[in-house]
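Below you'll find the structure, written out as structure tokens, and then a few comments.
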Amino acid sequence: MSDVKHMKWWGWGVDGVAFHHENKPGFAPFVKKNLGLDLTKTKGEPPTFDDIDVPSSRAAESFVLLLAGIVGDDHVETDDMSRVVHTFGKSIRDLIRVRTSAFPRAVDVVVYPANEAEVRLIVDAVVAADAVLIPFGGGSNIAGSLEPLAGEQRTVVSLDLGRLNRVIEVDADSSLARIQGGAQGPDLEAELNAAGWTLGHFPDSFTHSTVGGWVATRSSGMQSDKFGDIADIAKGLRVVRPGGVLVLRPLPSTSTGPSVREMILGSEGRLGVITEVTVQIHRIPAKREILAYLYPTWDAGLAAMREISESDATPSITRVSDGNETLFSFATSKKSKGFSALATKGLGVFLKAKGWDTEKMCLSFVGNEGGEELVATNQKIIAGIVKKHGGITVGKGPGVLYDQKKFDTPYIRDWFLDWGGSADVSETAAPWAKLPELYRNVIASANHAFDEIGVKGWIMAHLSHSYTSGACLYFTFAYLDTGDAITNYDVVKGAIQQAFIDAGGTLSHHHGVGLEHAPWMEQDISTEGVKIMRGLFGSADPGRHFNPGKVLLDE
């Protein structure tokens, strides 16, 4: 059996790590008031694997033996657990289906190559057998990019890149690093840190996602304001295709026609298997500090973020939560003690004396890193902007806590699912001028959808990933299910996605398209855009062997 690490089959992350509310005194009242969830009742438990009915593999024994001849018997798997882990990603739709044995189509065989040469042999074998190949990194995708099409009759192979997990080389003179496509965030960052470098790319999925997956879905990290999105970070690529390898050298800039590199970015496995990425890296900064701020209203926080993006400051993180998300953040905090408790109480008294509505105030985090002088200069500029928009500086404490807990939120979703609830996220990006109205339209659309399915729902948002022309808005929604979970989810998610498009936003800022967001592609990139993209996929993969149906609705 392969020793590649995976997340648990029924939820996010690893066994033994979970969300606990008992040490958070504000949480039970919060969910009772806003979602109608009574935590004094008995919580459900995720099913055991013995409860799951998994369809049998359709892979012919001869084909499995052929793959084993390439990678070895220990690195080909057809058992039920391996196939379930590789059939879905980790969206709420995925978790609902896997927990209820709803498998429209499961993968048939999982194969773990050790190097690019083995990937080439697997790709050629799949094409020759008229099978389907779906590349698999960490399995963290939440847009339906990993599942086989429901009606797929051919053998489906999940190609797990987990053994291609090394930092191959660091070019210190050029600040570049060659990294194998299956390297997960913590592992590659640890290797780089040991040599004094950082990639600076920290998506929410960082602990369980891979550099190849980041490229395949056009990922963004929490520090993208400074380091850029993966589209800025990825400088060179190696992509295995039938009969050969696409090689894109890590050049600083080129004028060589339409960008093939851009074609691979966001292609979700439809153009080949990403085996290696050459990335821009940076020296570990002398100082890194995240400060917290509070604004009296969402509009004030939004205006401050825009002004920060236009200023001479160069922050690595710019984030502001709306009033609902700020309330949620406070509700998930542990009980304060001693001086900290007095300070928190005193802050509330101070803000009410200023006339603030503490249920509408907005919590913000802004991070800076670099030399001492640069950080100090940035913080001075930002403090002036915050003050101009009626905000106040809270200090370093909340920023430290945010930094420690930034990858833990998905565990809350698993916990809520055990209570019979559904919670998920959806994000967009739009120009600054459109963001206020987009935000209001999304909130209104979500609340209308909650009414439509007859539930008491909750939606909250934050701004992140600022650009000169606009920013990303990231929405989280939750409700207790009262009927068919998938049908209810489709109503709410569909309303939010359509509101993005109607208000001038994109269908996704960094989660990708997959099957989940494909219905909105034509509205997002235009009919001609879809024609061009369909022509690209059709000419590059006429046999539809590479993850068919993703990004564009099935041809």
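Residue numbering for the sequence shown follows this note's numbering, beginning at 3 and increasing consecutively.
Glycine included, each C-beta is placed from N, C-alpha and C at the ideal position.
Note on L365: 16 or more other CB atoms within 10 angstroms of its CB, so buried under the neighbour-count rule. Around the beta carbon of H547, a 10 Å sphere encloses 16 or more other beta carbons of the protein chains shown; the residue is thus reported as buried.
Closest by C-alpha distance to T102, out of D126, D52, V78 and D81, is D52.
K228: member of the alpha helix (DSSP H) spanning S226 to F229, first to last residue.
In the DSSP secondary-structure assignment, D110 is not bridged to any residue. Where V86 is concerned, the enclosing alpha helix (DSSP H) starts and stops at D82 to T89.
F332: member of the alpha helix (DSSP H) spanning G325 to A333, first to last residue. The C-alpha of H391 lies about 28 Å from the C-alpha of S428. With respect to G516, N143 sits close: the two C-beta atoms are nearer than 8 Å. Here V249 carries a strand assignment [DSSP, helix/strand/coil].
Around the beta carbon of H450, a 10 Å sphere encloses fewer than 16 other beta carbons of the protein chains shown; the residue is thus reported as exposed.
Here the alpha carbons of G325 and T299 stand approximately 7 Å from one another. Of the candidates K354, T316, A192 and K407, T316 places its Cα closest to the Cα of A378. Beta-bridge annotation (DSSP): S466 is paired with C474. Of the candidates K336, S211 and D556, K336 places its Cα closest to the Cα of K26. Counted as a single uninterrupted DSSP element, the beta strand (DSSP E) harbouring F138 occupies residues V134 to F138. Contact annotation: the segment 288-295 does not touch the segment 262-275, with fewer than three C-beta pairs closer than 8 Å. DSSP places V275 within a strand segment (E or B) once states are collapsed to three. The beta carbon of T212 is closer than 7 Å to those of G139, G140, L163, G183, G184, A185 and Q186 in its chain, skipping five residues each way along the sequence. Going by DSSP, L67 is part of the alpha helix (DSSP H) stretching over E63 to V73. Look at P400 here: in three-state DSSP terms it is helix.
In the structure shown, the three-state DSSP call for H284 is strand.
Using a Cβ-Cβ distance cut-off of 8 Å, the segment 13-25 and the segment 407-420 are in contact, since at least three pairs of beta carbons, one from each stretch, lie closer than that value. Under a 10 Å Cβ-count criterion, G215 is classified as buried, with 16 or more other Cβ atoms of the shown protein chains found around its own Cβ. Distance from the CA atom of K495 to the CA atom of A446, rounded to whole angstroms, is 13 Å.
In the DSSP annotation of this structure, R546 is not part of any alpha helix (DSSP H), being labelled neither H nor E. The straight-line gap separating the alpha-carbon atoms of A480 and L253 is approximately 44 Å. Taking the CA atoms as reference points, M462 sits about 6 Å from F477.
Here the alpha carbon of E63 sits roughly 10 Å from the alpha carbon of V111.
When beta bridges are read from the DSSP output, F367 appears opposite A294 and R321. Just so you know, the alpha carbons of I286 and T200 end up roughly 6 Å apart. Nearest in C-alpha terms to W460, of all of G303, L475, R321 and A425, is A425.
Taking 8 Å as the cut-off, the beta carbon of R272 is found closer than this to the beta carbon of V553. Cβ contact annotation for E191 (same chain, cutoff 7 Å, sequence separation greater than five): T200 and L201, in chain order.
Restricted to the segment 419-468, the beta strand (DSSP E) segments that are unbroken, complete and at least 3 residues in length are 423-433 and 459-468, listed in chain order. H210 is not a Cβ neighbour of I235, given a cutoff of 8 Å.
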